[in-house]
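Comments concern the structure below.
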Amino acid sequence: MQIGLWSSLADPNVAELLAGCGYNWMMLDLERSTASPADLAASFGHPGEPSHPEVTAAILGGMARLREFGGASGILSLDQAVLRAARGFIAVDVDAGLLRHAAIAQREEWR
Numbered sequence: 026m027q028i029g030l031w032s033s034l035a036d037p038n039v040a041e042l043l044a045g046c047g048y049n050w051m052m053l054d055l056e057r058s059t060a061s062p063a064d065l066a067a068s069f070g071h072p073g074e075p076s077h078p079e080v081t082a083a084i085l086g087g088m089a090r091l092r093e094f095g096g097a098s099g100i101l102s103l104d105q106a107v108l109r110a111a112r113g114f115i116a117v118d119v120d121a122g123l124l125r126h127a128a129i130a131q132r133e134e135w136r
């Protein structure tokens with residue numbers, strides 16, 4: 026059995042704080058937190074550019090930091106560059122995308 030944590034803590038020290046807590050993995054939920062890639066881009070002076078290289082570097086840097094403390098890192102992203110660079114576990118689609126693909130397949134089946 027694995028014990029994990031789904032968190033939206035928007036603090037750069039979260040990896041260090043949680044490293045010794047005994048979790049097997051931690052998922053940082055940037056979609057529903059106050060620190061989404063879009064928010065991060067705006068704070069870096071790149072509003073509307075969540076895939077800007079500086080933003081991607083910050084996200085991947087956070088994941089690397091988590092691994093430094095012995096944690097597994099993963100990401101939910103539709104950005105191909107982030108997915109290629111991410112290690113650990115990745116999610117390659119989101120609930121709305123999966124529902125859309127299923128609806129299209131169902132429509133095609135019944136045409």
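Heads up, the sequence shown is in the working numbering, so the first residue is 26 and it goes up one at a time. Even glycine gets a Cβ: it sits at the ideal position worked out from N, Cα and C. Note that the structure is a prediction, hence the values are computed from the model and not measured.
Residues near residue i by beta carbon distance below 6 Å, same chain, minus five either side
i: E133; result: none
i: L66; result: Checking the sequence shown, residue 66 turns out to be Ala, not Leu. Taken in chain order, the residues that qualify are E74, P75, H77 and V80.
i: A63; result: P75
i: A110; result: L85
i: W135; result: none
Under the three-state DSSP convention, the category residue i falls into
i: R136; result: coil
i: H126; result: helix
i: G73; result: coil
i: S61; result: coil
i: G95; result: coil
i: Q131; result: helix
Cβ separation of residue i and residue j, assumed to be a contact under 8 Å, to the nearest whole Å
i: L85; j: V107; result: 7 Å
Residues near residue i in its chain [Cβ-Cβ closer than 7 Å; skip 5 each side]
i: H71; result: H77, E79 and V80
i: S102; result: L108
i: M26; result: Reliability fails at M26, whose pLDDT of 49 lies under 50, so the model's placement of it is uncertain and the value that follows must be treated cautiously. If we look at M26 and ignore the five residues flanking it on each side, it has no Cβ neighbours.
Own chain partners of residue i with C-beta closer than 8 Å, once the 5 adjacent residues on each side are dropped
i: F69; result: H77, E79, V80 and A83
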